[in-house]
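Each remark here refers to the structure printed beneath this line.
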Amino acid sequence: MTARPRTVVACCLLAASAFLLLCLEITIGDFPLTVPEVVAGLVGSGDPAALLVINEIRLPRALVGLLIGVAFGVGGLLFQALARNPLASPDVIGVTDGANTFAVATLLTGAGAGLGMSTMAVLGGITVSAIVVALSWKQGTTGIRIVLVGIGMAALCGSVTDYLLLKSGAFQAQQAVVWLTGSLSGRTWDSVPSLAVAVVLLVPAALLLGKWLAGLELGEETARGLGVPVQAARLAIMAVGVGLVSFATAAAGPVAFVALLAPQIAQRLVRPSVPPLLTSGLVGAVVVLAADLLARTLLSSGELPVGVVTGVVGAPVLLWLLAKSFR
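Heads up: the sequence shown begins at 0 in numbering that gives the first Met the number 0, then just goes up one per residue.
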């Protein structure tokens, strides 16, 4: 199978899997539903009580899971391809940590409360990313400098977040810890519009930047020879990646390792000659929805935050990538 048909088949299978998982997500709850009832509800027919449960309670959560998966998947691949390093995910280089710090500061101190916690999380991701670019700039920037400075900024933001948690009250700290774990619980339609707009605008932008990204993966000199404006391309790609990851983090918290896992799975599924952005986004959606399904069904007495499940799966993958990089 050639690369292009393989990618098309993989994307179709992943899209079908994501839709099935979304339907299964909606079936779970105190008011049990079947998949046919969910499908009927999604097209606007069926029992009125089922329609109410689907449209007002369960569909928003499932859609947020789908959208953050796409955002983390595409954003993670942008960062990894830009740095030419499978470890250069937003979890590692400071983007999610910046969003975390600003969001927790808003929750615990009230700073920026007028803008809202989600808006402050987006501002945090953008601000820290701008600082990373500024500190790594020396006649332009390089992938390795972005990674090294980003790791330092991630550590700094993590320390600030820990300090804020230590100085807060027990109830506020508990709220912050739940958010920092990454959770889809309690998501409503209020969480959907801004995230959906970000995904609808930024994913096509990422696809348009795909040729530049493919050129940069070949090395700076080769990219210049291919006519890629290297520094402008790096900044544009990073801006799109930061936007996707920041909006996803604002919607559900830092769901661990999705931005690291999805690109690696996508690369191995389709083995492309160019970065598989769409495939990575669909893998991200499948990973988040599957993890949330597990999080809601593993315990009989309640549910786990989705970030706990992705963390348990993602940590061994990170260790494997580290071991592989040292060989």
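C-beta atoms are modelled at their ideal positions from N, C-alpha and C, and glycine is treated no differently.
Quiz prompt | Identity of the residue in Leu-288, Arg-270, Leu-51, Leu-208 nearest Phe-78 by Cα | solution = Taking the sequence shown and counting its residues from 1, one reaches residue 78 at position 79. Minimum Cα-Cα distance from Phe-78 among the listed residues Leu-288, Arg-270, Leu-51, Leu-208 corresponds to Leu-208.
Self-check item: Neighbour-count burial assignment, Gly-97, 16 or more Cβ in a 10 Å radius
Solution: One-based indexing of the sequence shown puts residue 97 at position 98. It is buried - the Cβ of Gly-97 has at least 16 other Cβ atoms within 10 Å.
Practice problem: Note the first and the last residue of the continuous alpha helix (DSSP H) segment covering Trp-211. | Solution: Reading the sequence shown from its first residue, position 212 is the one you call residue 211. Run containing Trp-211: 209-216, per the alpha helix (DSSP H) assignment.
Quiz item: For Asp-189, is the classification buried or exposed, using 16 other Cβ atoms within 10 angstroms of its Cβ as the cut-off for buried?
Solution: Position 190 of the sequence shown, counting from 1, holds the residue named residue 189. Flag for Asp-189 reads exposed.
Self-check item: Through-space distance from Gly-218 to Leu-328, alpha-carbon basis
Solution: Outside the modelled stretch of the chain, which goes from 0 to 326, sits residue 328, for which no answer is possible.
Exercise. Tell me whether the beta-carbon of Leu-20 lies closer than 8 angstroms to the beta-carbon of Leu-288.
Key: Mapped onto the sequence shown, residue 20 falls at position 21. Mapped onto the sequence shown, residue 288 falls at position 289. Their beta carbons are under 8 angstroms apart, which means Leu-20 touches Leu-288 by this criterion.
Quiz item: Per DSSP, what kind of secondary structure is Arg-3 in: helix, strand or coil?
Solution: The residue you call residue 3 lines up with position 4 of the sequence shown. In the structure shown, Arg-3 sits in a helix (DSSP, three-state: H, G or I).
Self-check item: With 16 other Cβ atoms within 10 Å as the buried cut-off, status of Glu-220
Solution: For this step, residue 220 is matched to residue 221 along the sequence shown. By the 10 Å Cβ count, Glu-220 comes out exposed.
Quiz item: What do you reckon, are the CB atoms on Ala-80 and Glu-302 nearer than 8 angstroms?
Solution: By one-based count along the sequence shown, residue 80 stands at place 81. By one-based count along the sequence shown, residue 302 stands at place 303. No, Cβ-Cβ distance for Ala-80 and Glu-302 is not below 8 angstroms.
Exercise. Would you check if there are 3 or more beta carbon pairs closer than 8 angstroms linking the segment 86-94 to the segment 246-260?
Key: yes
Quiz prompt | 7 angstroms Cβ shell around Ser-16 - same chain, five flanking residues per side excluded | solution = Numbered from 1 along the sequence shown, position 17 holds the residue referred to as residue 16. Correct list, in chain order: Val-285.
Quiz prompt | Close-in-space but distant-in-sequence residues of the same chain around Leu-134 (CB under 6 angstroms, 5 per side omitted) | solution = Position 135 of the sequence shown holds residue 134. Answer for Leu-134: Val-148, listed in chain order.
Quiz item: Can you tell me where the alpha helix (DSSP H) with Ala-169 in it begins and where it stops?
Solution: Locating residue 169 in the sequence shown gives position 170, counting from the first residue. Segment 169-180, the alpha helix (DSSP H) holding Ala-169.
Quiz item: What separation, rounded to the nearest whole angstrom, lies between the Cα atoms of Pro-192 and Leu-243?
Solution: What you label residue 192 is simply residue 193 of the sequence shown in a count that begins at 1. What you label residue 243 is simply residue 244 of the sequence shown in a count that begins at 1. When rounded, the distance between both Cα atoms is 14 angstroms.
Self-check item: Exposure of Ile-145, with buried meaning 16 or more beta-carbon neighbours within 10 Å
Solution: Mapped onto the sequence shown, residue 145 falls at position 146. Per the 10 Å Cβ criterion, buried.
Practice problem: State the start and end residues of the unbroken alpha helix (DSSP H) segment that holds Leu-62. | Solution: Against the sequence shown, residue 62 aligns to sequence position 63. Per DSSP, Leu-62 belongs to the alpha helix (DSSP H) from 58-82.
Exercise. Report buried or exposed for Thr-187, applying the criterion of at least 16 other Cβ atoms within 10 angstroms of its Cβ.
Key: The residue given as residue 187 occupies position 188 in the sequence shown. By the neighbour-count rule (16 or more Cβ atoms within 10 Å), Thr-187 is not buried but exposed.
Quiz prompt | Distance between Ala-14 and Thr-118 (C-alpha atoms, nearest Å) | solution = As a working mapping, residue 118 is identified with position 119 in the sequence shown. As a working mapping, residue 14 is identified with position 15 in the sequence shown. Going from the Cα of Thr-118 to the Cα of Ala-14 covers about 30 angstroms.
Quiz item: Less than 8 angstroms separating the beta-carbons of Val-316 and Leu-293?
Solution: For this step, residue 316 is matched to residue 317 along the sequence shown. For this step, residue 293 is matched to residue 294 along the sequence shown. No. Outside cutoff.
Self-check item: Boundaries of the alpha helix (DSSP H) in which Val-286 is found, first to last residue
Solution: Locating residue 286 in the sequence shown gives position 287, where the first residue counts as 1. Taken as a continuous stretch (DSSP letters only), the alpha helix (DSSP H) holding Val-286 covers 276-296.
Quiz item: Distance, Cα to Cα, Ile-264 vs Ile-53?
Solution: Translated into positions along the sequence shown, residue 264 becomes position 265. Translated into positions along the sequence shown, residue 53 becomes position 54. Whole-angstrom Cα-Cα distance: 31 angstroms.
Quiz item: Between which two residues does the alpha helix (DSSP H) carrying Phe-101 extend?
Solution: As a working note, residue 101 is residue 102 in the sequence shown. For Phe-101, the uninterrupted alpha helix (DSSP H) run begins and ends at 94-108, by DSSP.
Practice problem: Tell me whether Gly-28 sits in a helix, a strand or coil according to DSSP, three-state version. | Solution: To locate residue 28, count along the sequence shown from 1; it is residue 29. Three-state result, Gly-28: coil.
Quiz prompt | Close Cβ partners of Val-177 (< 7 angstroms) along its chain, the five nearest in sequence each way excluded | solution = Your numbering for residue 177 matches position 178 in the sequence shown. Shown here for Val-177: same chain residues with a beta carbon closer than 7 angstroms to its own, the five before and five after excluded, namely Pro-304 in chain order.
Quiz item: So does the segment 273-283 actually touch the segment 68-78, counting three or more Cβ pairs closer than 8 angstroms?
Solution: yes
Exercise. Flag this pair as yes or no: are the beta carbons of Gly-306 and Val-254 separated by less than 8 angstroms?
Key: In the sequence shown, residue 306 corresponds to position 307, counting from 1. In the sequence shown, residue 254 corresponds to position 255, counting from 1. Yes, the Cβ-Cβ distance between Gly-306 and Val-254 is below 8 angstroms.
Exercise. Keeping to the same chain, check which residues put their C-beta closer than 7 angstroms to that of Cys-156; ignore five residues upstream and five downstream.
Key: Here residue 156 refers to the residue found at position 157 of the sequence shown. Gly-93, Asp-96, Gly-97, Asn-99, Thr-100, Val-127, listed in sequence order.
Practice problem: Buried or exposed for Asp-161, please, with buried defined as at least 16 other CB atoms from any protein chain shown within 10 angstroms of its CB. | Solution: Working through the sequence shown from its first residue, we reach residue 161 at position 162. Burial call: exposed.
Exercise. Just the C-alpha distance for Gln-174 and Gly-214, rounded to the nearest angstrom, thanks.
Key: Taking the first residue of the sequence shown as 1, we reach residue 174 at position 175. Taking the first residue of the sequence shown as 1, we reach residue 214 at position 215. The alpha-carbon atoms of Gln-174 and Gly-214 are separated by roughly 44 angstroms.
Quiz item: To the nearest angstrom, how far is it from the Cα of Glu-24 to the Cα of Leu-297?
Solution: Along the sequence shown, one-based indexing puts residue 24 at 25. Along the sequence shown, one-based indexing puts residue 297 at 298. So the two alpha carbons sit approximately 13 angstroms from each other.
Quiz item: Any heavy atom of the ligand ATP closer than 7 angstroms to the Cβ of Gly-252?
Solution: Here there are no bound small molecules, and the ligand ATP is not part of this structure.
Practice problem: Measure the CB-CB distance between Glu-36 and Gly-45 and report whether it falls below 8 angstroms. | Solution: Along the sequence shown, one-based indexing puts residue 36 at 37. Along the sequence shown, one-based indexing puts residue 45 at 46. Yes; because the gap between Cβ atoms is below 8 angstroms, this pair is in contact.
Quiz prompt | Boundaries of the alpha helix (DSSP H) in which Lys-137 is found, first to last residue | solution = Counting from 1 along the sequence shown, the entry for residue 137 is found at position 138. Careful: Lys-137 lies outside any alpha helix (DSSP H) and carries neither H nor E.
Practice problem: Going by CA-CA distance only, name the one from Asn-84, Thr-141, Ala-102, Val-227 that's closest to Gly-123. | Solution: Within the sequence shown, numbered from 1, the residue matching residue 123 stands at position 124. Residue Ala-102 is the option with its Cα nearest to Gly-123.
Practice problem: Put Leu-234 into one of helix, strand or coil per three-state DSSP. | Solution: As a first step, residue 234 must be located in the sequence shown, where it is residue number 235. Note: Leu-234 maps to helix in three-state DSSP.
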